[in-house]
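Worksheet: one structure, shown below.
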Amino acid sequence: MTVLVLTHSRDRMVPEWVVAAVEARGRPARRVDLDQYPAALSLIQTVADARPASLDGLPLDEVSAAWVRKLGPPRLDPALPPAVQAPVRREVTSHGRGLLDALVHGGARVCNAPESEAAIEGNKLRQLRLAQDVGLAVPPTLVTADPAAVRDFWERHAGEVVVKMLTSLQWSMEGRPPLPTQALTAADLDHLDGLRQGPMCFQRRVRARRELRVCWVDGRCFAGSPRATASPGDGVDWRRGAGHWERATVPPETAAALGRFMARAGLDIGSIDLMLPDDGPPVFLEVNPGGEWGMLQHALGFDIAGAIAALLVAGPARSAP
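Going letter by letter, the sequence shown gives residues 47 to 367 in our numbering.
In structure tokens, the structure reads:
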């Protein structure tokens, strides 16, 4: 039985680590770049037909588990007319979702479960509500496209406000960097008209002595803290200057709450951002089910790939619905 690592062709290093870790445990593993479908990848799905469903020649009934690492948009033929590209992309994406459903239906263990990841990915408000429900501290948060509401929020929190995107911050398929969390300044308040084009997320800034990236795998916390080249403890975004990492410890009560959160979210794996303020408990910011953790393994020697591999080769597989 084979373990699949599902990702896209621009993904580097981490998929190979997990494939090697699975194979070291005596199970065959295969990386599949789903953005290559349909141009360079075969996917056949059947219902009530004698021909078995398969992915790149591998029968789906020979797949015991799959890790949904990162899924990106398909690479379509540039010769396709622009009017056709959008519907074709929808068709390809729908077929890809059908693959995950077929794996689950066939009894394969899929991490993370597609329906759970879809419900939590990029849904910051749901994440924060779940976190608060299980006892985690969360920052006051506003999501809106109303400039007046933003100005009121900024005043109520004495200008200690950051702004971020609602969706997960990842490197795009085109290699462009993400828009990081940024401080909202007084000068910004005069230029909020563009907000009418789409909502953004505003939070009270957390002045922190330390920022943590926690890779949570099936009950285990692998935590690192960046020693940033930007102002330390600025409570904005570690991506703005993280150059070196050091190991960190998640307080036991916070680790237990994270376990309850991940269980409520239905996630096996996720990258969690926490802030450690000078006073009070760690503050939960968000979880990214497909968030980066390669820098933690590379810099700190964590065997995160091994933890994921152990989860993927563990049985029994989840029951089919």
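Where is the CB? At the ideal position from N, CA and C, for every residue including glycine.
Which same chain residues, not among the five before or five after Arg-115, have their C-beta less than 8 Å away from its C-beta? For this step, residue 115 is matched to residue 69 along the sequence shown. Excluding residues within five positions, the ones whose Cβ falls inside 8 Å are Val-51, Leu-52, Thr-53, Asp-57, Val-60, Pro-61, Val-64 and Gly-336.
Would you tell me roughly how many angstroms separate the C-alpha atoms of Pro-226 and Lys-210, rounded to the nearest one? If you number the sequence shown from 1, residue 226 lands on position 180. If you number the sequence shown from 1, residue 210 lands on position 164. Rounded to whole angstroms, Pro-226 to Lys-210 spans 7 Å at the Cα level.
Are Val-359 and Arg-97 close, meaning C-beta to C-beta below 8 Å? If you number the sequence shown from 1, residue 359 lands on position 313. If you number the sequence shown from 1, residue 97 lands on position 51. Pairing Val-359 with Arg-97 gives a Cβ-Cβ distance that is not under 8 Å.
Skipping 5 residues on each side, what residues in its chain have a beta carbon closer than 8 Å to that of Asp-147? Within the sequence shown, numbered from 1, the residue matching residue 147 stands at position 101. Here the set comprises Pro-160.
At the level of alpha carbons, what is the spacing between Glu-292 and Arg-256? The count along the sequence shown starts at 1 and reaches residue 292 at position 246. The count along the sequence shown starts at 1 and reaches residue 256 at position 210. Rounded to whole angstroms, Glu-292 to Arg-256 spans 11 Å at the Cα level.
Quick check on Trp-339: does DSSP put it in helix, strand or coil? Within the sequence shown, numbered from 1, the residue matching residue 339 stands at position 293. It is coil, neither helix nor strand.
Alpha carbon to alpha carbon, how far is Pro-297 from Glu-185? Give it in angstroms, no decimals. Mapped onto the sequence shown, residue 185 falls at position 139. Mapped onto the sequence shown, residue 297 falls at position 251. Rather than Glu, the amino acid found at residue 185 in this sequence is Pro. About 19 Å.
Fully enclosed by the segment 149-211, which beta strand (DSSP E) runs are 3 residues long or longer? Within the segment 149-211, the complete beta strand (DSSP E) segments of 3 residues or longer fall at 155-157, 187-190 and 207-210, listed in chain order.
For Thr-53, report the span of its alpha helix (DSSP H) as first-last. As a position in the sequence shown, residue 53 is number 7, starting the count at 1. Thr-53 -> not in any alpha helix (DSSP H); beta strand (DSSP E) instead, spanning 48-53.
Secondary structure at Asp-319, three-state DSSP: helix, strand or coil? In the sequence shown, residue 319 corresponds to position 273, counting from 1. DSSP places Asp-319 in strand when its eight states are reduced to three.
Per-residue burial, Ser-88 [other beta carbons within 10 Å of its own, 16 or more giving buried]: Reading the sequence shown from its first residue, position 42 is the one you call residue 88. Ser-88 should be labelled exposed.
Got a sec? Which residues, its chain only, sit under 7 Å from Ala-355 by beta carbon, not counting five neighbours each side? Numbered from its first residue, the sequence shown carries residue 355 at position 309. Val-64, Ala-67, Val-68 and Arg-71.
Less than 8 Å between the beta carbons of Ser-43 and Cys-247, yes or no? Residue 43 lies beyond the stretch modelled for the chain, which goes from 47 to 367, so this question has no answer here.
To the nearest whole angstrom, what separates the beta carbons of Thr-295 and Ala-269, a pair I think is in contact under 8 Å? Indexing the sequence shown from 1 puts residue 295 at position 249. Indexing the sequence shown from 1 puts residue 269 at position 223. Approximately 6 Å separates the beta-carbon atoms of Thr-295 and Ala-269; this is inside 8 Å, confirming the contact.
Neighbourhood of Cys-267 by C-beta distance below 8 Å, restricted to the same chain and skipping five residues each side: Counted from its first residue, the sequence shown places residue 267 at position 221. Closer than 8 Å at the Cβ level, and outside the excluded window around Cys-267, lie Val-260, Cys-261, Val-296, Ala-301 and Leu-304.
Give the DSSP-derived three-state secondary structure of Ala-294 in the structure shown. For the purposes of this step, residue 294 is taken as residue 248 along the sequence shown, with counting starting at 1. Reduced to three states, the DSSP call for Ala-294 is coil.
Distance, Cα to Cα, Ala-353 vs Val-263? Taking the first residue of the sequence shown as position 1, residue 353 is located at position 307. Taking the first residue of the sequence shown as position 1, residue 263 is located at position 217. C-alpha separation (whole angstroms): 7 Å.
Measure the C-alpha to C-alpha separation of Ala-276 and Leu-258 and round it to an integer number of angstroms. Sequence index remark: in the sequence shown, residue 276 carries index 230 (1-based). Sequence index remark: in the sequence shown, residue 258 carries index 212 (1-based). Reliability fails at Ala-276, whose pLDDT of 44 lies under 50, so the model's placement of it is uncertain and the value that follows must be treated cautiously. Between the alpha carbons of Ala-276 and Leu-258 lies a distance of about 15 Å.
Among Leu-357, Arg-76 and Glu-163, whose alpha-carbon lies nearest the alpha-carbon of Glu-108? By 1-based counting over the sequence shown, the position of residue 108 is 62. Measuring from the Cα of Glu-108, the nearest candidate turns out to be Arg-76.
What residues in its chain sit with their C-beta under 6 Å from that of Leu-182, if we drop five residues either side in the sequence? The residue you call residue 182 lines up with position 136 of the sequence shown. Answer for Leu-182: Ala-303 and Phe-330, listed in chain order.
Let me check understanding here. Comparing Cα to Cα, which of Arg-251, Val-156, Ala-177 and Lys-170 lies closest to His-203? Within the sequence shown, residue 203 is the residue found at index 157, counting from 1. Nearest to His-203 by alpha-carbon distance, out of Arg-251, Val-156, Ala-177 and Lys-170, is Arg-251.
Determine whether the beta carbon atoms of Trp-200 and Leu-171 lie at a separation below 8 Å. Stepping through the sequence shown from its first residue, residue 200 is reached at position 154. Stepping through the sequence shown from its first residue, residue 171 is reached at position 125. At the C-beta level, Trp-200 and Leu-171 stay beyond 8 Å of one another.
Every unbroken alpha helix (DSSP H) inside the segment 69-120 [4 residues or more]: Counting only unbroken stretches of 4 or more residues, no alpha helix (DSSP H) element lies wholly within the segment 69-120.
Could you tell me if Ser-365 is buried or exposed, where buried requires 16 or more neighbouring beta carbons within 10 angstroms of its beta carbon? By 1-based counting over the sequence shown, the position of residue 365 is 319. Because the pLDDT of Ser-365 is 42, which lies under 50, any placement of that residue in the model is unreliable, and the question is left without a value.
CA-to-CA distance, Val-150 to Leu-238, given in whole angstroms: Sequence index remark: in the sequence shown, residue 238 carries index 192 (1-based). Sequence index remark: in the sequence shown, residue 150 carries index 104 (1-based). So the alpha carbons of these two residues sit roughly 45 Å apart.
Can you name, in chain order, every residue of its own chain whose Cβ lies under 6 Å from the Cβ of Pro-327, other than the five neighbours on each side? Walking along the sequence shown from the start, residue 327 turns up at place 281. In its chain, beyond the 5 residues on either side, Ala-183 have a beta carbon closer than 6 Å to the beta carbon of Pro-327.
DSSP beta-bridge partners of Leu-258: Working through the sequence shown from its first residue, we reach residue 258 at position 212. Looking at the DSSP assignment, Leu-258 forms a beta bridge with Leu-320.
In chain order, what residues of the same chain lie with their CB nearer than 8 Å to the CB of Asp-192, ignoring the 5 residues before and after it? Your numbering for residue 192 matches position 146 in the sequence shown. Around Asp-192: Leu-241.
Is Gln-249 closer than 8 Å to Val-208 when the C-beta atoms are compared? Locating residue 208 in the sequence shown gives position 162, counting from the first residue. Locating residue 249 in the sequence shown gives position 203, counting from the first residue. Contact flag set, yes.
Pro-127, buried or exposed, once every other Cβ within 10 Å from all chains shown has been counted against 16: Numbered from 1 along the sequence shown, position 81 holds the residue referred to as residue 127. By the Cβ neighbour-count rule, Pro-127 is exposed, with fewer than 16 other Cβ atoms within 10 Å of its own.
Which value, in whole angstroms, describes the spacing of the CA atoms of Thr-231 and Gly-205? The residue you call residue 231 lines up with position 185 of the sequence shown. The residue you call residue 205 lines up with position 159 of the sequence shown. Thr-231 and Gly-205: Cα-Cα distance of roughly 7 Å.
Considering only heavy atoms of the ligand FAD, does any lie closer than 7 Å to the CB of Asp-324? As presented, the structure is devoid of all ligands, the ligand FAD included, so that no description of it is given.
Beta-carbon separation (whole angstroms), Arg-135 vs Pro-120, contact threshold 8 Å: Your numbering for residue 135 matches position 89 in the sequence shown. Your numbering for residue 120 matches position 74 in the sequence shown. Yes, they are in contact, since the Cβ atoms of Arg-135 and Pro-120 sit about 6 Å apart, within 8 Å.
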